[in-house]
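See structure below.
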């Protein structure tokens, strides 16, 4: 994905408001090996790609600096949205450095139809993103987990993930990512079917009769 950006010299509420009125979105680029750089992007261009923006997906920013075009590979760190208008008001971009660990959220993609769902269970996705610390070279755009083997009451945990060695998950190993819920009605039906009627009472009655007959014989 590529976006065009320009160096921004306007700062403060009024200049930024004027910038937005001109169809531009203010932003900033920062990273471990650079000073923060204020930029502005065309709102129309950003809105075309907003649905695809992700912390784990690299973005190439094409910036004109002193008459020279520069391509910088960055990651979207934060998108600020106006609560009233739902418009993008600011974007933070992070420029990683080789050998430096990044803390990032990677989207989780769930695939497969669980066995438990086919039996009447309900699949609940508990995490749609996975917080990790990773080197830039080990970064992936999404993490795919196959849940087709999950039965009623079973879960897919962090410990079940297969990730690169350079990637560290910032969640406990026993944290559930996806679980198959058993509806209450289904539980009742299964318990009822699994527990046949017992004949304890008739046995007690029979023993009682034998005991009475024995007493009569003694008399």
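Residue numbers (full-length UniProt numbering): 1 to 219. Where is the CB? At the ideal position from N, CA and C, for every residue including glycine. Every value quoted in this text rests on a predicted model; they were computed, and no experiment measured them.
| Query | Result |
| --- | --- |
| Residue 27 - partner residues in DSSP beta bridges | 39 and 91 |
| Proximity to residue 36 [Cα-Cα], best of 96, 144 and 145 | 96 |
| Separation of residue 185 from residue 46, as counted between CA atoms | 48 angstroms |
| Backbone secondary structure at residue 33 - three-state DSSP | coil |
| Other residues of its chain near residue 138: CB distance less than 6 angstroms, five sequence neighbours each side excluded | 164, 166 and 167 |
| Minimum Cβ-Cβ distance from residue 58 to chain D less than 8 angstroms | Structure shown: chain D not included; a single protein chain is present. |
| Top-ranked residue by Cα proximity to residue 50, from 175, 80 and 169 | 80 |
| Which of helix, strand or coil DSSP assigns to residue 144 | strand |
| Coarse secondary structure for residue 3, derived from DSSP in three states | strand |
| Coil, strand or helix - residue 107 by DSSP | strand |
| Test item: CB-CB of residue 143 and residue 106 under 8 angstroms | yes |
| Host alpha helix (DSSP H) of residue 20 (start-end) | 13-21 |
| Span of the alpha helix (DSSP H), counted from its first residue to its last, around residue 65 | No alpha helix (DSSP H) contains residue 65, which is instead part of the beta strand (DSSP E) from 58-65. |
| Touching by the beta-carbon criterion (3+ pairs, under 8 angstroms), the segment 49-68 and the segment 108-116 | no |
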